[in-house]
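Structure record follows, encoded as structure tokens.
There are 2 protein chains.
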Amino acid sequence: MREGSSLGEFEQLVLLAVLQLDGDAYAPGIRIAIEDAGSRRVTRGALYSTLDRLETKRYLQWRPDPNPPSRAGAPRRKFEVTPTGLAALRRSLAAVTALTQGLERKLGAAR
Amino acid sequence: MREGSSLGEFEQLVLLAVLQLDGDAYAPGIRIAIEDAGSRRVTRGALYSTLDRLETKRYLQWRPDPNPPSRAGAPRRKFEVTPTGLAALRRSLAAVTALTQGLERKLGAAR
DNA sequence: GACTATTGTCTACATTGTAGACTCAAGGTT
DNA sequence: AACCTTGAGTCTACAATGTAGACAATAGTC
Chain A
1 MREGSSLGEF EQLVLLAVLQ LDGDAYAPGI RIAIEDAGSR RVTRGALYST
51 LDRLETKRYL QWRPDPNPPS RAGAPRRKFE VTPTGLAALR RSLAAVTALT
101 QGLERKLGAA R
Chain B
112 MREGSSLGEF EQLVLLAVLQ LDGDAYAPGI RIAIEDAGSR RVTRGALYST
162 LDRLETKRYL QWRPDPNPPS RAGAPRRKFE VTPTGLAALR RSLAAVTALT
212 QGLERKLGAA R
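In order, the protein sequence lines correspond to chains A and B.
The first sequence begins at 1 in this note's numbering and counts up one residue at a time.
The second sequence begins at 112 in this note's numbering and counts up one residue at a time.
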């Protein structure tokens with residue numbers, strides 16, 4: 001990994017979703033949040049790969065579900081954005097925001 | 112290329128820069144616009160690869176500089192975002208926008 | 001015990017991002 | 001004329017990111 005590497009498009013969405021779910025960010029919910037926001041499909045493989053890569057970069061960290069309900073499946077992982085991750089996300093969004101200025105008309109309702 | 116493929120992070124920035132430069136979008140200027148907005152370096156190789164890939168997807172098109180000044184170098188290519196490209200950009204930004212709602216505080220000055 | 005549902009892991013491959021060397025032409029310098 | 005510099009663009013190779021789908025493990029239900 002290069003130093004100060006910027007975030008990919010999907011990585012941005014994952015970090016945003018984790019922030020949105022604040023304190024309740026488990027993989028299945030993250031997946032749904034992104035699908036809803038983007039009107040697109042997200043496979044579990046894609047999501048977990050990205051979560052793991054963000055963890056490697058120290059942009060995310062997780063703990064086991066502190067309150068594991070009795071249900072099927074492996075114990076859930078509860079994700080949290082690190083300060084470093086938040087900083088990277090800010091930097092990444094700043095570029096988009098700057099280049100979006102003045103294009104509200106052309107970009108239509110998206111902004 | 113898959114159908115309805117979404118835009119990468121750098122692809123978004125390139126399309127935005129072309130829109131910003133409206134009618135005056137040549138590769139060197141696009142490069143500067145992105146560097147300024149993102150406070151980062153953009154090599155020519157990275158930019159031309161992406162421009163060509165966006166052209167292949169029909170998100171961008173170009174014509175030779177209609178008013179070629181007498182100067183060094185190959186004739187410049189003047190880029191333009193196609194309607195399809197604009198639609199793809201809107202879709203792509205919509206996801207970020209949706210997931211950003213309510214996070215203004217946490218994301219700080221970036222929004 | 002078999003079946004189903006939920007979570008996560010793993011592997012392979014496709015797409016996107018990046019760096020740097022190379023080419024080519026116009027104009028200035030000597 | 002020969003050379004250098006500058007400004008465009010091309011090409012190749014590789015790294016990082018995105019995606020799909022098969023597999024594993026566990027808890028409840030029947």
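Backbone N, C-alpha and C define an ideal beta-carbon position, used for all residues, glycine too.
So the candidates are the options; which of them puts its Cα closest to the Cα of residue i?
{"i": "GLN172/B", "options": "ARG182/B, SER181/B, ARG188/B, ASN178/B", "result": "ARG188/B"}
{"i": "PHE79/A", "options": "THR50/A, ARG105/A, VAL96/A", "result": "THR50/A"}
{"i": "TYR26/A", "options": "ARG105/A, SER39/A, PRO64/A, THR56/A", "result": "PRO64/A"}
When you compare only the Cα positions, how much space is there between residue i and residue j?
{"i": "VAL125/B", "j": "ASP22/A", "result": "32 angstroms"}
{"i": "ARG222/B", "j": "LEU93/A", "result": "Unreliable placement is indicated for ARG222/B, whose pLDDT of 48 sits below 50; the coordinate value is still reported in the next sentence. The straight-line gap from Cα to Cα measures roughly 8 angstroms."}
{"i": "ARG155/B", "j": "GLU9/A", "result": "21 angstroms"}
{"i": "GLY29/A", "j": "PRO180/B", "result": "56 angstroms"}
{"i": "GLN123/B", "j": "LEU200/B", "result": "7 angstroms"}
{"i": "ARG130/B", "j": "TYR48/A", "result": "According to the sequence shown, residue 130/B is Leu rather than Arg. C-alpha separation (whole angstroms): 34 angstroms."}
{"i": "SER117/B", "j": "THR193/B", "result": "15 angstroms"}
{"i": "ALA37/A", "j": "ASN178/B", "result": "43 angstroms"}
{"i": "ILE32/A", "j": "TYR170/B", "result": "28 angstroms"}
{"i": "ALA206/B", "j": "LEU127/B", "result": "16 angstroms"}
{"i": "LEU218/B", "j": "LEU165/B", "result": "30 angstroms"}
{"i": "VAL42/A", "j": "ARG151/B", "result": "30 angstroms"}
{"i": "ARG202/B", "j": "THR56/A", "result": "29 angstroms"}
{"i": "GLY196/B", "j": "ALA46/A", "result": "25 angstroms"}
{"i": "SER97/A", "j": "ASP24/A", "result": "The residue you asked about is not Ser; residue 97/A is Thr in the sequence shown. Cα-Cα distance, rounded: 28 angstroms."}
{"i": "ASP163/B", "j": "ALA198/B", "result": "18 angstroms"}
{"i": "ARG216/B", "j": "ILE145/B", "result": "26 angstroms"}
Kindly examine the ligand MG and report whether one of its heavy atoms sits closer than 6 angstroms to the Cβ of residue i.
{"i": "GLN61/A", "result": "This structure lacks the ligand MG, and indeed carries no ligand of any kind."}
Q) Is the stretch 62-75 of chain A in contact with the stretch 86-106 of chain A, if contact means three or more CB pairs nearer than 8 angstroms? A) Cβ pair count under 8 angstroms is below three, so no.
Q | Contained alpha helix (DSSP H) runs [length at least 4] in the stretch 116-197 of chain B, N- to C-terminal order | A | Fully enclosed alpha helix (DSSP H) runs of 4 or longer: 120-131, 138-149, 155-167.
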